[in-house]
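First comes the structure, then the notes that go with it.
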């Protein structure tokens with residue numbers, strides 16, 4: 059039997075490690091598609107930094123319906139259409155950033171799916187390694203999770219302030235209400251805080267944040283309820299007798 063050379067041994071070891079890594083991550087994503095993530099790397103990092111952590115979890119039906127609409131309007135308007143990646147948004151972000159002078163705000167092209175993958179499974183950072191792993195997790199997540207699951211997890215793990223995670227923590231801190239009572243204005247302000255939660259203050263918003271909130275409110279009005287079930291699907295699910303009234307006894 060021929061002896062494998064050192065190069066082949068290394069190749070087989072790397073291939074085996076890669077395959078097992080893929081299997082483990084697929085199982086990990088599948089599990090969190092059913093069970094809520096208990097904690098994330100970013101949460102642990104912020105806990106060390108600030109000494110406290112607020113991360114109440116709320117199911118989708120416990121959060122005002124305007125919140126996911128505000129997030130989509132602010133961050134990813136093609137969320138319901140793409141499969142995890144928005145190439146058009148990436149192109150526009152690249153063009154925008156190329157035209158900006160040094161020191162100005164840069165625009166990101168990540169989708170809500172990518173941000174959810176980063177927040178749940180990965181650490182903060184801008185290395186090519188982390189970005190590559192993020193792409194893998196995003197693809198698997200889009201295959202195994204529904205859009206509703208993705209946005210629900212995102213609403214609970216997104217950083218909304220110093221030591222605060224999720225719209226529930228933001229609702230309590232900024233507006234002193236449960237997330238079910240958030241208004242359109244509340245939801246829009248939370249959405250514009252998300253890109254810079256360590257620097258932005260929802261209690262004392264800057265002129266820039268207020269301007270962004272106004273823009274998000276206009277986008278929300280144009281988009282409507284992107285999570286509403288399309289009429290065609292509703293009609294398809296309706297049973298033949300669903301419109302008939304029963305006899306009175």
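Numbering (the numbering used here), first residue to last: 59 to 307.
A virtual CB, placed ideally from N, CA and C, is assigned to each residue, including glycine.
A quick note: this is a predicted structure, and the numbers were derived from the prediction, not measured.
Nearest-angstrom Cα separation, counted from residue j out to residue i
{"i": "residue 141", "j": "residue 251", "result": "25 angstroms"}
{"i": "residue 285", "j": "residue 128", "result": "11 angstroms"}
{"i": "residue 98", "j": "residue 262", "result": "28 angstroms"}
{"i": "residue 307", "j": "residue 179", "result": "In this prediction, residue 307 has a pLDDT of 37, which is less than 50 and means its spatial position is unreliable; nothing more can be read from the coordinates."}
{"i": "residue 244", "j": "residue 68", "result": "55 angstroms"}
{"i": "residue 226", "j": "residue 115", "result": "7 angstroms"}
{"i": "residue 81", "j": "residue 88", "result": "11 angstroms"}
{"i": "residue 228", "j": "residue 71", "result": "46 angstroms"}
{"i": "residue 73", "j": "residue 65", "result": "12 angstroms"}
{"i": "residue 137", "j": "residue 92", "result": "21 angstroms"}
{"i": "residue 106", "j": "residue 167", "result": "29 angstroms"}
{"i": "residue 233", "j": "residue 260", "result": "9 angstroms"}
{"i": "residue 220", "j": "residue 183", "result": "17 angstroms"}
{"i": "residue 223", "j": "residue 78", "result": "32 angstroms"}
{"i": "residue 90", "j": "residue 100", "result": "17 angstroms"}
{"i": "residue 110", "j": "residue 258", "result": "18 angstroms"}
{"i": "residue 218", "j": "residue 113", "result": "10 angstroms"}
{"i": "residue 86", "j": "residue 199", "result": "10 angstroms"}
{"i": "residue 275", "j": "residue 172", "result": "23 angstroms"}
{"i": "residue 132", "j": "residue 143", "result": "16 angstroms"}
Candidates the options, of which the one nearest residue i by Cα
{"i": "residue 84", "options": "202, 69, 144 and 258", "result": "202"}
{"i": "residue 278", "options": "176, 249 and 82", "result": "249"}
{"i": "residue 169", "options": "81, 134, 113 and 241", "result": "134"}
{"i": "residue 126", "options": "259, 246 and 115", "result": "246"}
{"i": "residue 181", "options": "150, 216, 67 and 145", "result": "216"}
{"i": "residue 94", "options": "260, 174 and 150", "result": "174"}
{"i": "residue 139", "options": "75, 253, 231 and 204", "result": "204"}
{"i": "residue 214", "options": "177, 256 and 264", "result": "177"}
Where the alpha helix (DSSP H) through residue i begins and ends
{"i": "residue 83", "result": "64 to 90"}
{"i": "residue 278", "result": "265 to 281"}
{"i": "residue 199", "result": "186 to 202"}
{"i": "residue 243", "result": "242 to 251"}
{"i": "residue 179", "result": "170 to 179"}
{"i": "residue 125", "result": "124 to 133"}
Paired residues, beta bridge with residue i - DSSP
{"i": "residue 222", "result": "112 and 219"}
Any non-hydrogen atom of the ligand FAD closer than 6 angstroms to residue i Cβ
{"i": "residue 74", "result": "For the ligand FAD, the structure offers nothing, since it holds no ligand at all."}
Within the chosen definition, does the stretch 205 to 215 reach the stretch 188 to 197 through at least 3 CB pairs nearer than 8 angstroms? By the Cβ rule, the stretch 205 to 215 does not count as touching the stretch 188 to 197, because fewer than three pairs are nearer than 8 angstroms.
Assess contact between the stretch 266 to 282 and the stretch 183 to 192, defined as three or more Cβ pairs (one per stretch) separated by less than 8 angstroms. Is contact present? Taking a contact to require three or more Cβ pairs closer than 8 angstroms, the stretch 266 to 282 and the stretch 183 to 192 do not qualify as touching.
Quick check: the stretch 112 to 125 against the stretch 231 to 238, are at least 3 beta-carbon pairs closer than 8 angstroms? Cβ pair count under 8 angstroms is three or more, so yes.
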